[in-house]
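Residue numbers (numbering that gives the first Met the number 0), protein chains in the order written: chain F, 0 to 203; chain U, 0 to 217. Using N, Cα and C, we set each Cβ at its ideal position, and we do this for glycine too.
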Amino acid sequence: MLRLKNIAVARGGVPVLSGVSFALEAGQALILRGPNGSGKTTLLRTIAGLQPALSGEMEGAEDRVAYSGHADGLKAMLSVAENLKFWAAVYGQHDIEGALEAYALAPLSDRLAGTLSAGQKRRAGLARLMVTGRPIWILDEPTVSLDAATVGLFADAVRAHLGGGGIALLATHIDLGLEAQVLDVAPLRAMPADLHGASDEAFL
Amino acid sequence: MIALLLRDLRLALRAGGGFGLGLAFFLILTVLVPFSVGPQSALLASIAPGVLWLGALLACLLSLDRLLALDYEDGTLDVLATAPLPLEAALAVKAIAHWITTGLPLVIAAPFLGVLLNLPPQGFGWLVLSLLLGTPALSMIGTFGAALTVGIKRGGLLLSLLVLPLYVPTLIFGAEAARRGAIGMELETPLLMLSGISLGSIALLPFAAAAALRMTIR
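Here it is, written out as structure tokens:
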């Protein structure tokens, strides 16, 4: 379960969103929509615990989140299998076979990540979520540089994750065919009145 | 933690990992010093401990801006920050990996390069001991500096400026221990101070570095 109540988030000391509230039970997904710069990434990073929220309450995210941002977190000089094994070990897991299979990475598993194409790298980056064993997936623009077939693989992986009692939060503009709640963040833009106390420049 | 250590070591040893960078710099510096100072073996012998310590310190400094910057660029730090491993432990492990790939080779190479600088025979053991005690502090302080500057593009200059003053006590006591060892003086005090600096850095700086990193990856 993941519950947010009246969360406000800031980027670079400027509030971008306020009054974000939603609740997700096991097996549910939420898709964030909104124009560029509307604060989707900032909200996802806040839920992942990479930055503090300005105000509001958040429940259920602590130590249960696997985060996938714009960068894939792959090392160019390690093979795909070595990269995934490393992340599995960090999260106390061992098995990477399921993840390789789900994204059709088995033929690429011995290739150095630096020699992969952008779409193949993205696939390896998404496979990383599967080896974490974490219940909440937070995905920021997961389908960038993926072809149509791989988007299908990705949608299947998310569906399987939800079917296993997981939760997924996605910021994406394409239709994945998932049964999910949709949250449009555009109306939640923070008002200038919320600026008070937003800046942490005094400490920098 | 072991996985992170092994990964960092593996990355350092693969092509482009920068493993030999510090060592090569150390070698070049100590080979060139006798040429620039001239054939005065007594003078060389008296400056040898200081030159070797300075070379080791600058070689360490040279590799610092790669320590976290590469992980920051490819998104690894974001994922590490959300992983079950505490950020303090992750940074301590990265400092250990830096020491194994940079500090330890310098400690091993130093006695061989001491020959080039005409280091007196009784000084070799003390030189190695002082470097062994002092280089962990250099790696740990460097990790702290790297965590402070990781978000800044081309932050290498700022990193050097921040870290150099913090390196001064280590250099003073390390070089002093090696110098006293070379001329056969009592050296308990500088060795104790050096160990104290290293132990203090290892105990406190992982927490400071993690706090700094949490600010910079926001």
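Across the set U:L103, U:T75 and U:L42, the C-alpha of U:L103 shows the shortest separation from the C-alpha of C59 of chain U. Under the 10 Å beta carbon count, V30 of chain U is surrounded by fewer than 16 other beta carbons and is classified as exposed. Boundaries of the beta strand (DSSP E) harbouring W136 of chain F: I135 to D139, taken from the DSSP string. Contacts with chain U at 8 Å (Cβ-Cβ) include L49 of chain F.
Within the stretch 138-158 of chain F, no residue has its Cβ closer than 7 Å to any Cβ of chain U. For F206 of chain U, the closest alpha carbon among the candidates U:G183, U:A177, U:M139 and U:I182 is that of U:M139.
8 Å or more divides the Cβ of A147 of chain F from the Cβ of L177 of chain F.
Of all residues in the stretch 86-100 of chain F, the ones placed with a Cβ closer than 9 Å to any Cβ belonging to chain U are W86, A87, A88, V89, Y90 and G91, in chain order. When Cβ-Cβ separations below 8 Å define contact, D71 of chain F makes contact with chain U.
Contact annotation for R153 of chain U against chain F: no contact, minimum CB-CB distance about 19 Å [criterion: below 9 Å]. The beta carbon of D62 of chain F sits closer than 8 Å to some beta carbon of chain U. The stretch 74-91 of chain U and the stretch 42-53 of chain U do not touch, with fewer than three beta-carbon pairs separated by less than 8 Å. Neighbours of Y66 of chain F in chain U, taken as residues at a C-beta separation under 8 Å, are given in chain order as D77, V78 and T81. Minimum Cα-Cα distance from A22 of chain F among the listed residues F:A47, F:P141, F:I166 and F:G162 corresponds to F:I166. In the three-state reduction of the DSSP assignment, G162 of chain F falls in the helix class. R6 of chain U and G113 of chain F have their C-alpha atoms some 16 Å from each other.
The three-state secondary structure of P120 of chain U, taken from DSSP, is coil. Inclusion of G133 of chain U and T169 of chain U in the CB contact set at 8 Å is warranted, their separation being smaller than that value. Contiguous alpha helix (DSSP H) elements confined to the stretch 73-134 of chain U occur at 75-81, 86-97 and 103-115, taking only those with 4 or more residues. DSSP, read as helix, strand or coil, puts Q119 of chain F in helix. Contact check for A174 of chain U against W125 of chain U fails: the beta carbons are separated by 8 Å or more. With respect to the 8 Å criterion, F111 of chain U and L57 of chain U are not classified as neighbours on the basis of their beta carbons. Boundaries of the alpha helix (DSSP H) around I171 of chain U: G155 to A181.
Among the residues facing chain F, R178 of chain U is not included, as its CB has no counterpart in that chain under 8 Å away. Beta-bridge analysis with DSSP links Q180 of chain F to F:L29. Beta bridge pairing from DSSP links R10 of chain F with F:V13.
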